[in-house]
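Numbering (this note's numbering), first residue to last: 128 to 307.
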Ligand SMILES: [Mg+2]
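Here is the structure:
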């Protein structure tokens, strides 16, 4: 009995130690959280007036059109404040896998700090994709938050992974950094 108790205590101590030793990370959705996609949406709608079909989505989701996006005010300063505090930055998005380089270019061009970029593989829904990545990240990092504009694809996805979630209104980043 007593040795079981000792083992349990040791396990708890190890877990606490692991958590202390893990680098902190913060995860961000991209579209409508950091990037205002209004112009990209308009581009798709100009070419395919009936929104929502595969042709529309192929234009909207094309990495070649990310350059049309505008940075959302405050979001860049927020991300930068965490990067400056040596928190690992994660960009976790339902954007199509294979367009990570265009995302990286856009982030650089608009002054967002470097970070790990995760985009969604084909035929996977965004919510389970984000849950899976966040669960994986928790093994390496102490993930402080996932921040995003979608209740399902960000907030519910993060909660399912046991990661605290912060909701921002689409296109209106409204958080103040707190790196204490
Ligand atoms: Mg979004």
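Glycine included, every Cβ here is placed at the ideal spot set by N, Cα and C.
Inspect the beta-carbon positions of residue i and residue j and report whether they are closer than 8 Å.
{"i": "residue 220", "j": "residue 158", "result": "yes"}
{"i": "residue 233", "j": "residue 193", "result": "yes"}
{"i": "residue 257", "j": "residue 281", "result": "yes"}
{"i": "residue 189", "j": "residue 261", "result": "no"}
{"i": "residue 309", "j": "residue 191", "result": "There is no way to answer for residue 309, as the model of the chain reaches only from 128 to 307."}
{"i": "residue 269", "j": "residue 151", "result": "yes"}
{"i": "residue 288", "j": "residue 254", "result": "no"}
{"i": "residue 210", "j": "residue 304", "result": "no"}
{"i": "residue 173", "j": "residue 199", "result": "no"}
{"i": "residue 171", "j": "residue 187", "result": "yes"}
{"i": "residue 239", "j": "residue 302", "result": "no"}
Does DSSP put residue i in a helix, in a strand, or in coil?
{"i": "residue 257", "result": "helix"}
{"i": "residue 292", "result": "strand"}
{"i": "residue 218", "result": "strand"}
{"i": "residue 204", "result": "helix"}
{"i": "residue 275", "result": "strand"}
{"i": "residue 239", "result": "coil"}
So that I know if they touch, is there some Cβ in chain B lying closer than 8 Å to that of residue i?
{"i": "residue 185", "result": "You won't find chain B in this structure, because it holds only one protein chain."}
**Q.** Contact set, ligand 1 heavy atom to C-beta under 6 Å
**A.** 156, 158, 159, 160, 275, 276, 277
Q: Kindly confirm or deny that the stretch 210-230 and the stretch 248-255 touch, where touching means at least three C-beta pairs closer than 8 Å.
A: yes
Q. Counting Cβ pairs closer than 8 Å, one from the stretch 291-307 and one from the stretch 265-278, do we hit at least three?
A. yes
Q. Counting pairs of Cβ atoms below 8 Å between the stretch 237-245 and the stretch 199-217, do you hit three or more?
A. yes
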